[in-house]
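These protein sequence lines are chains B and Y, in that order. In terms of our numbering, the first sequence opens at residue 369 and continues consecutively. In terms of our numbering, the second sequence opens at residue 17 and continues consecutively. For reference, the structure discussed in these notes is given below.
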Amino acid sequence: MPLRLIKLGLKGTKDEPRFFPPSKELESHYDVVIIGGGGHGLACAYYLARDHGIRNVAVLEQGYLGGGNTGRNTTIVRSNYLTPEGVKFYDASLRLFQDLSTDLDINLFYSTRGHFTLAHSDDAMRTMRWRAEVNKHYGVDSAVVDRQAVADAVPGIDLECGGSPSVMGALYHAPGAVARHDAVAWGYGRAAAQRGVELHQKTRVTGIQQQGGRVVGVDTDRGSISCGAVVSMVAGSTPRIADMVGLPTPIEVFPLQACVTEPVKPFLNTIVVSGSLHVYVSQSSRGELVMGSAVDPMVLHSTRSTFEFVEGLADHMVDLLPFTARMRVNRQWAGMSDMTPDFAPIMGTTPLDGFYLDAGWGTWGFKATPISGKTMAATVANGVNDELIEPFRYSRFADFQMVAEKGAASVGH
Amino acid sequence: MKHIDCPGIGPRPIVEFIYDGEVRPPAPEDASLEVLADRVFNRSGAPGVLREWWYHRPTGSWYVLERDTVTNEIQRAVDPEEVAYAIPML
Ligand SMILES: Cc1cc2nc3c(=O)[nH]c(=O)nc-3n(C[C@H](O)[C@H](O)[C@H](O)COP(=O)(O)OP(=O)(O)OC[C@H]3O[C@@H](n4cnc5c(N)ncnc54)[C@H](O)[C@@H]3O)c2cc1C
Numbered sequence: 369m370p371l372r373l374i375k376l377g378l379k380g381t382k383d384e385p386r387f388f389p390p391s392k393e394l395e396s397h398y399d400v401v402i403i404g405g406g407g408h409g410l411a412c413a414y415y416l417a418r419d420h421g422i423r424n425v426a427v428l429e430q431g432y433l434g435g436g437n438t439g440r441n442t443t444i445v446r447s448n449y450l451t452p453e454g455v456k457f458y459d460a461s462l463r464l465f466q467d468l469s470t471d472l473d474i475n476l477f478y479s480t481r482g483h484f485t486l487a488h489s490d491d492a493m494r495t496m497r498w499r500a501e502v503n504k505h506y507g508v509d510s511a512v513v514d515r516q517a518v519a520d521a522v523p524g525i526d527l528e529c530g531g532s533p534s535v536m537g538a539l540y541h542a543p544g545a546v547a548r549h550d551a552v553a554w555g556y557g558r559a560a561a562q563r564g565v566e567l568h569q570k571t572r573v574t575g576i577q578q579q580g581g582r583v584v585g586v587d588t589d590r591g592s593i594s595c596g597a598v599v600s601m602v603a604g605s606t607p608r609i610a611d612m613v614g615l616p617t618p619i620e621v622f623p624l625q626a627c628v629t630e631p632v633k634p635f636l637n638t639i640v641v642s643g644s645l646h647v648y649v650s651q652s653s654r655g656e657l658v659m660g661s662a663v664d665p666m667v668l669h670s671t672r673s674t675f676e677f678v679e680g681l682a683d684h685m686v687d688l689l690p691f692t693a694r695m696r697v698n699r700q701w702a703g704m705s706d707m708t709p710d711f712a713p714i715m716g717t718t719p720l721d722g723f724y725l726d727a728g729w730g731t732w733g734f735k736a737t738p739i740s741g742k743t744m745a746a747t748v749a750n751g752v753n754d755e756l757i758e759p760f761r762y763s764r765f766a767d768f769q770m771v772a773e774k775g776a777a778s779v780g781h
Numbered sequence: 017m018k019h020i021d022c023p024g025i026g027p028r029p030i031v032e033f034i035y036d037g038e039v040r041p042p043a044p045e046d047a048s049l050e051v052l053a054d055r056v057f058n059r060s061g062a063p064g065v066l067r068e069w070w071y072h073r074p075t076g077s078w079y080v081l082e083r084d085t086v087t088n089e090i091q092r093a094v095d096p097e098e099v100a101y102a103i104p105m106l
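Structure, rendered in structure tokens:
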């Protein structure tokens, strides 16, 4: 809108509405308190307000919006999972992602790239075939391709992998995409705020109040508030919040690291993942190679980076893409991944009335941001688990009903 | 923590070790399914000092170490007798 641009140029932007409303005091009561202002928390707030008319909602974030794993991930969005429960859930998320830019009126740089999961053994090929068949059954576009198809799509790849087991073929998933993670959080945050939700940054939850077996409020470092329901959406801080209400969980927190190279000319259109070499790579719209690996070897509540990570990653990356030996790493960072034993999330109601959990997002939860926001909002509004998330319920461990997703989630994100 | 200092072998590079997670006491033989599920799946996930299994590959020995999971400092090696338990008779 060029006229508006000229006006802004002359008048300045000081009268323009800000992206987020200015911070204010906490109210004494909210219908719903969401702990955690990452993508999941902000999406849940948005869908509570938009789909269920629940607007007296506060999102409490100890740091800044999107500063947790939402702002640290490598943004891979895909739905080529292994279990029917997983495929249906992530496919619903991918569909929401596809028109989310329009929905939230913000450019998410959602870019469909195609996604190769390389197989380096007969066993891996068998898993790829299995995944492809499950995917097709649920209408998800996945197919097993041969090594020539990989060579054609990935310039510079060494199919022999420098002496490590060579590439035999791959699972190709055409809808695989990347998106701008910060914008997802900002877009949901702004859209939620426009509908009356309050976003409180630098507000840490320090305790949860219970009365007669249900949640009645939260304590924060800015005072206490009463509320009808609490939704914990804190990823790597989940065990701390669960401890506040005495709920045991199988979650263990492991650092997950990633890094980017200096920017180079666009050459890599697709996302490439190798489970055997423990690496994955895509090229960002700025030209950097975005690279990652599996989680660090031991539990740690820290976002420190290590040299061992870059060393191990580089070792395997030059096996796969030998020319990367000449590239320099620009930045590295880490997030705290809330890992579950079956590589599936833990979502929905808990034994404590009014306390809802959205956790166990490990290394794979960015792609689930829209659907977990939507299904958690429905779950909180109705007080019962949304059908899509019922397989991921908290009680599945006590019932020995795991959702064995490891074959599709361990390095693949 | 680039090296781990264990009794008998002294400080060794961390890459020589395999991490095997938190030490969990076994469920009693007559445990209910609920207790069994808790022992099998649940963990002390919050930050603090954890007792964990570490396997030293070159010497083939197992250690139980107490480690601060925020600072990543190993505080002490636990005497195996402290964590030992009788193997149930079958
Ligand atoms: C390096 C890396 C790469 C990844 N790559 C991918 C990928 O390619 N694809 C994919 O799908 N997923 C990926 N993931 C996983 C994904 O990032 C996460 O699962 C997802 O972002 C979780 O979102 P969230 O909103 O639940 O959590 P977060 O974004 O972590 O938000 C939780 C928020 O809660 C706040 N909080 C915690 N405790 C409190 C408290 N007591 N009071 C108030 N606020 C609190 C935190 O400050 C934080 O901002 C990756 C993760 C990492 C670390």
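No residue lacks a Cβ here, since even glycine has one placed at the ideal position from N, Cα and C.
Using C-beta distances below 7 Å, list every residue in its chain close to Leu476 of chain B, excluding the 5 sequence neighbours before and after it, in chain order.
Leu468, Ser469, Ala547, Arg548, Ala551, Val552 and Gly555
Which residues bound the alpha helix (DSSP H) around Asp491 of chain B?
Asp490 to His505
If we count Cβ pairs, one from each stretch, closer than 8 Å, do we get three or more for the segment 680–699 of chain B versus the segment 598–617 of chain B?
Contact between the segment 680–699 of chain B and the segment 598–617 of chain B is absent: fewer than three C-beta pairs spanning the two stretches fall below 8 Å.
Uninterrupted alpha helix (DSSP H) stretches inside the segment 711–776 of chain B (no shorter than 4 residues):
737–750
Asn58 of chain Y versus Y:Arg28, Y:Pro42 and Y:Trp70, residue with shortest Cα-Cα distance:
Ranking the options by Cα distance to Asn58 of chain Y, first place goes to Y:Pro42.
Is the shortest distance between the beta-carbon of Ala93 of chain Y and the beta-carbons of chain B less than 8 Å?
no
Nearest to Arg654 of chain B by alpha carbon, out of B:Val632, B:Asn753 and B:Val445?
B:Val632
Is there at least one Cβ from chain B nearer than 8 Å to Val86 of chain Y's Cβ?
yes
Below 8 Å between beta carbons: does that hold for Gly596 of chain B and Asp721 of chain B?
Taking a C-beta distance under 8 Å as the contact criterion, Gly596 of chain B and Asp721 of chain B do not qualify as a contact pair.
Thinking C-beta only, is Asp509 of chain B closer than 8 Å to Pro533 of chain B?
no
Using only alpha-carbon positions, find the residue among B:Leu615, B:Pro607 and B:Asp589 that is nearest to Arg582 of chain B.
B:Leu615
Tell me the DSSP secondary structure of Phe568 of chain B in three-state form.
Checking the displayed sequence, the identity of residue 568 of chain B turns out to be His instead of Phe. Residue state, collapsed to three classes: strand.
For the segment 34–59 of chain Y, which residues have a CB atom closer than 7 Å to at least one CB atom of chain B, in sequence order?
Result list: Tyr35, Glu50, Ala53, Asp54, Phe57, Asn58 and Arg59.
Neighbour flag for Pro63 of chain Y against chain B, beta carbons, 8 Å:
yes
Excluding five sequence neighbours on each side, which residues of the same chain lie with their C-beta closer than 7 Å to the C-beta of Arg499 of chain B?
Asn448, Leu450, Ser510, Leu539 and Ala776
CA-CA distance, Tyr724 of chain B and Leu756 of chain B?
16 Å
Answer yes or no: does any C-beta atom of chain B fall closer than 8 Å to that of Leu66 of chain Y?
Leu66 of chain Y counts as touching chain B.
Do Val647 of chain B and Leu681 of chain B come within 8 Å of each other at the CB atom, strictly closer than that value?
yes
Hey, Val641 of chain B and Thr443 of chain B: beta-carbon distance below 8 Å or not?
no
Residues in the same chain with beta-carbon distance under 6 Å from Ser650 of chain B, minus the five sequence neighbours each way, listed in chain order, please.
Val546, Ile639 and Val658
Quick test of the definition: if touching needs 3 or more C-beta pairs under 8 Å, does the segment 691–710 of chain B touch the segment 736–748 of chain B?
With a cut-off of 8 Å on Cβ pairs, the segment 691–710 of chain B is not in contact with the segment 736–748 of chain B, counting fewer than three such pairs.
Since His646 of chain B sits in a beta bridge, which residues does DSSP pair it with?
Note: His646 of chain B sits in no beta bridge, so no partner.
What number of angstroms, rounded off, separates the C-alpha of Glu32 of chain Y from the C-alpha of Ser644 of chain B?
The alpha-carbon of Glu32 of chain Y is positioned some 20 Å away from that of Ser644 of chain B.
May I have the straight-line CA-CA distance separating Asp526 of chain B from Gly482 of chain B, to the nearest angstrom?
19 Å
Check the Cβ-Cβ distances between Gly563 of chain B and every residue of chain Y, and say whether any is below 8 Å.
According to the sequence as given, residue 563 of chain B is Arg; it is not Gly. Not one chain Y Cβ lies under 8 Å of Arg563 of chain B.
In whole angstroms, give me the CA-to-CA distance for Met695 of chain B and Glu630 of chain B.
7 Å
Report buried or exposed for Gln579 of chain B, applying the criterion of at least 16 other Cβ atoms within 10 angstroms of its Cβ.
So Gln579 of chain B counts as exposed.
Using a Cβ-Cβ cut-off of less than 7 Å, list which residues of the segment 644–672 of chain B approach chain Y; keep chain order.
For the segment 644–672 of chain B, the beta-carbon criterion of a distance under 7 Å to any beta-carbon of chain Y is satisfied by Pro665, Met666, Val667, Leu668, His669 and Ser670.
Considering only DSSP beta bridges, list what Ala511 of chain B is partnered with.
B:Tyr540
Tell me which residue opens and which closes the alpha helix (DSSP H) that Gln578 of chain B is part of.
That residue, Gln578 of chain B, is in no alpha helix (DSSP H); its beta strand (DSSP E) goes Val573 to Gln579.
In chain order, what residues of the segment 609–630 of chain B put their CB closer than 8 Å to some CB of chain Y?
Ala610, Asp611, Pro616, Thr617, Pro618, Ile619, Glu620 and Val621
Can you name, in chain order, every residue of its own chain whose Cβ lies under 8 Å from the Cβ of Pro27 of chain Y, other than the five neighbours on each side?
His19, Ile20 and Asp21
Nearest neighbour of Val445 of chain B, chosen from B:Met685, B:Ala519 and B:Phe465 [CA to CA]
Out of B:Met685, B:Ala519 and B:Phe465, B:Phe465 has the C-alpha closest to the C-alpha of Val445 of chain B.
Rounded to whole angstroms, what is the Cα-Cα separation between Asp36 of chain Y and Gly76 of chain Y?
14 Å
Where Asp830 of chain B sits in the DSSP three-state scheme
Chain B is shown from 369 up to 781; residue 830 of chain B falls before or after that span and cannot be answered.
Quick one, are the C-beta atoms of Asn424 of chain B and Phe734 of chain B less than 8 Å apart?
no
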